[in-house]
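A.B. asks: To start, I am sharing the structure in question, which I have written as structure tokens.
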Amino acid sequence: MTNQAIADGLRHASDTRVIEVGRAILSRTGEILARSLAQPGRPLLIVADERTWVAAGEAVAASLQAAGLTQTEPLVFPGTPTLYAAYEHCETIRERLMETNALGVAVGAGTLNDLVKLASGELDQPYAVVGTAASMDGYSGFGAPMSQGGVKITMPCPAPAVVLFDLDVAAAAPKAMVASGYGDLAAKIPAGADWILSDAIGLDPIDPLAWDLVQGGVAEALSRPDALAAGDADAYEGLVEGLLLSGLAMQVYKGTRPASGAEHYFSHLWELDHLGADLDPPLSHGYKVAIGTLAMTAFYERFMARDLAAIDVDAVVAAWPTWDAVEADIRSKLTGPLAEKGVRETREKYVDAAGLRTRVQTLVDGWPSLRPRLVDQLMPARDLQRMLAAAGTPTRPEDIGLTLAELKDTFPKAMYYRSRYTVLDVTREIGWFDELVDEVFAPGGLWT
Ligand SMILES: [Zn+2]
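In our numbering, the protein residues as written are 58 to 505.
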């Protein structure tokens with residue numbers, strides 16, 4: 058079923074040609090790359106760190122040799138401190154690829170993949186990744202988050218041509234990594250609900266293929282958190298495929314909408330604040346996303362407890378603030394360059410009173426069919442919290458070094474941070490936003 062989904066995704070993906078997930082994939086790497094990546098007269102360059110070299114790199118090198126593929130000396134970064142996605146490392150890899158005329162084979166997780174992805178992209182040449190941990194959904198996506206001069210930005214570059222994943226390697230990876238991947242996949246639940254709402258008002262129409270790719274296997278992939286935490290290799294198939302399908306969906310859609318909604322903005326904002334950046338390894342993407350996901354799932358629960366069809370559209374339109382008032386509010390919630398970004402991004406989704414009337418009326422009229430779709434998409438926050446805990450993923454703000462007040466303060470920031478329309482915007486537009494945020498943090502809530 059899921060393999061069929063991967064085949065469907067590959068037919069429409071812009072960059073990725075081959076995805077293989079299974080047991081004993083490492084020993085088949087040479088055979089697979091011989092037909093999917095290797096080019097006459099060009100060697101392959103394995104890029105790993107000391108840990109991923111032991112976990113998979115050595116076996117990949119042996120498999121390449123057995124398949125008669127030429128390799129140049131592997132580039133192995135130190136295992137400690139944990140390799141960081143810094144542009145200087147990308148330059149090192151790019152130089153080595155140029156000197157040797159080689160094609161890159163990343164052996165590792167998010168950081169190593171991103172470094173080889175960007176280096177290969179800058180040289181306009183394909184590369185392969187052999188994933189070593191089910192830690193996030195970026196393996197099969199385009200673009201590479203990279204820090205340069207102290208700022209982290211996502212640099213554009215194509216996705217890998219070939220993605221290989223050995224389930225025994227994934228199951229043997231540090232537990233924190235699978236816990237992180239589980240958090241990143243759980244995000245597809247509120248992210249999907251955000252897309253449904255944006256589709257409903259005609260802003261971001263749902264692309265059926267991208268939707269099926271990313272949402273088709275999520276429930277199944279999240280269904281065995283205990284087995285994942287216990288390192289059961291077979292349980293990893295759903296999670297790994299779910300994460301890879303999410304990346305493929307982004308390739309098909311040529312954007313991140315299928316895989317992320319407001320929950321990811323919580324994570325991005327904390328990342329900009331360098332939350333957990335001094336830890337080794339640094340606080341992972343999936344851990345931050347997990348808390349953003351729970352926050353948004355709890356917010357959705359409060360939203361769904363009300364009857365949107367019963368709102369007074371005239372009263373909502375009469376109470377709609379002018380752009381100047383919105384801008385003043387943005388500047389009271391965000392500071393520095395982030396305030397400028399917030400103003401720019403929010404301006405894109407702001408409408409005047411007439412536009413608001415159309416938007417709200419559309420939601421009110423569509424609510425009888427919209428509501429059941431959202432109910433199907435969402436799940437109770439406490440259930441999700443239990444599943445995240447079983448996978449070893451953080452479930453409380455303090456687990457990632459945040460206070461409740463800091464988490465609460467992130468809600469308006471996440472609303473203003475990007476032009477992407479989410480449930481945070483819906484509730485701001487109908488005047489519920491502040492009340493719903495208060496309800497999430499009222500006694501008897503998920504964390505109170
Ligand atoms: Zn993510």
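Yeah, the Cβ is synthetic: ideal placement off N, Cα and C, and Gly gets one too.
#1: Tell me whether residue 269 sits in a helix, a strand or coil according to DSSP, three-state version.
#2: What separation, rounded to the nearest whole angstrom, lies between the Cα atoms of residue 271 and residue 327?
#3: Just to confirm my understanding: we take residue 115, look at its own chain, exclude 5 residues before and 5 after, and list those with CB closer than 7 Å. What are they?
#4: Under the assumption that residue 461 contacts residue 504 (Cβ atoms under 8 Å), give the Cβ distance between them as a whole number of angstroms.
#5: With DSSP as the reference, label residue 74 as helix, strand or coil.
#6: Along the chain, where does the alpha helix (DSSP H) containing residue 300 start, and where does it finish?
#7: Determine the direct distance from the alpha carbon of residue 311 to that of residue 438, and round the result to whole angstroms.
#8: Okay, do the segment 123-133 and the segment 84-98 touch, 3+ Cβ pairs below 8 Å being the bar?
#9: Exposed or buried, what is residue 205 when buried is set at 16 or more other beta-carbons lying within 10 Å of its beta-carbon?
#10: Hey, residue 479 and residue 319: beta-carbon distance below 7 Å or not?
#11: Could you give the residue range of the alpha helix (DSSP H) that holds residue 457?
#12: Within 10 Å of its beta-carbon, does residue 217 have 16 or more other beta-carbons around it, so buried, or fewer, so exposed?
#13: With 16 other CB atoms within 10 Å as the buried threshold, where does residue 472 fall?
#14: Specify the secondary structure class of residue 82 as computed by DSSP and reduced to three states.
#15: Cβ of residue 251 versus every heavy atom of ligand 1: is any distance shorter than 6 Å?
#16: Output yes or no for whether 7 Å exceeds the beta carbon distance between residue 434 and residue 292.
#17: Please tell me whether, using a cut-off of 6 Å, the distance from the CB of residue 241 to the nearest non-hydrogen atom of ligand 1 is below it.
#18: I'd like to know if the segment 252-263 and the segment 183-197 are in contact, where contact means that at least 3 CB-CB pairs between them fall below 8 Å.
#19: So, is residue 459 buried or exposed, given that buried needs 16 or more other C-beta atoms within 10 angstroms?
#20: Which residues share a DSSP beta bridge with residue 103?
#21: Looking at the unbroken beta strand (DSSP E) that takes in residue 188, where does it start and where does it end?
#22: Specify the secondary structure class of residue 155 as computed by DSSP and reduced to three states.
#23: Tell me whether residue 308 is buried or exposed, calling it buried when 16 or more other Cβ atoms sit within 10 Å of its Cβ.
#24: For residue 281, tell me which candidate among 246, 236 and 267 has the shortest Cα-Cα distance.
#25: In chain order, what are the residue ranges of uninterrupted beta strand (DSSP E) at least 3 long that sit wholly in the segment 186-255?
#26: In whole angstroms, give me the CA-to-CA distance for residue 496 and residue 465.
#27: By Cβ distance, which residues of its chain are closer than 6 Å to residue 353, with the 5 residues on each side in sequence left out?
#28: Taking C-beta to C-beta, are residue 344 and residue 451 nearer than 7 Å?
#29: So, does the segment 237-246 touch the segment 348-363, judging by three or more C-beta pairs under 8 Å?
#30: Could you tell me whether any Cβ in chain C is nearer than 7 Å to the Cβ of residue 244?
#31: Go ahead and label residue 325 buried or exposed: buried means 16 or more other beta carbons lie within 10 angstroms of its beta carbon, across all protein chains shown.
#32: By a C-beta neighbour count over all protein chains shown, 10 Å radius and 16 as the cutoff for buried, is residue 208 buried or exposed?
#33: Residue 96 by DSSP, collapsed to three states: which one?
#34: Confirm the yes/no value for this check: CB of residue 421, any heavy atom of ligand 1, distance under 6 Å.
#35: Comparing C-alpha positions only, which one of 394, 364 and 411 sits nearest to residue 428?
#36: Only counting the same chain, and skipping five residues up and downstream in sequence, which positions put a Cβ closer than 7 Å to that of residue 316?
C.D. replies: Put simply:
#1: helix
#2: 25 Å
#3: Only residues of its own chain outside the window of five on either side were considered, and among them none has a CB closer than 7 Å to the CB of residue 115.
#4: That belief holds up - the Cβ atoms of residue 461 and residue 504 are roughly 6 Å apart, short of 8 Å.
#5: Three-state result, residue 74: coil.
#6: Judged by DSSP secondary structure, residue 300 falls within the alpha helix (DSSP H) whose first and last residues are 293-310.
#7: 30 Å
#8: yes
#9: exposed
#10: Cβ distance < 7 Å, so residue 479 and residue 319 count as in contact.
#11: No alpha helix (DSSP H) holds residue 457; DSSP gives it neither H nor E.
#12: buried
#13: buried
#14: coil
#15: No.
#16: The answer is no: Cβ separation not under 7 Å.
#17: yes
#18: The segment 252-263 is not in contact with the segment 183-197.
#19: buried
#20: 162
#21: 185-188
#22: helix
#23: buried
#24: The shortest Cα separation from residue 281 among 246, 236 and 267 belongs to 236.
#25: DSSP runs (the beta strand (DSSP E)) wholly in the segment 186-255: 201-205, 208-212 and 219-223.
#26: 11 Å
#27: 247, 319 and 320
#28: yes
#29: yes
#30: Among the chains of the structure shown, chain C does not appear; only one protein chain is present.
#31: buried
#32: exposed
#33: coil
#34: For residue 421, the shortest C-beta to heavy atom distance toward ligand 1 is 6 Å or greater.
#35: 364
#36: 194, 245, 248, 271, 303, 306 and 307
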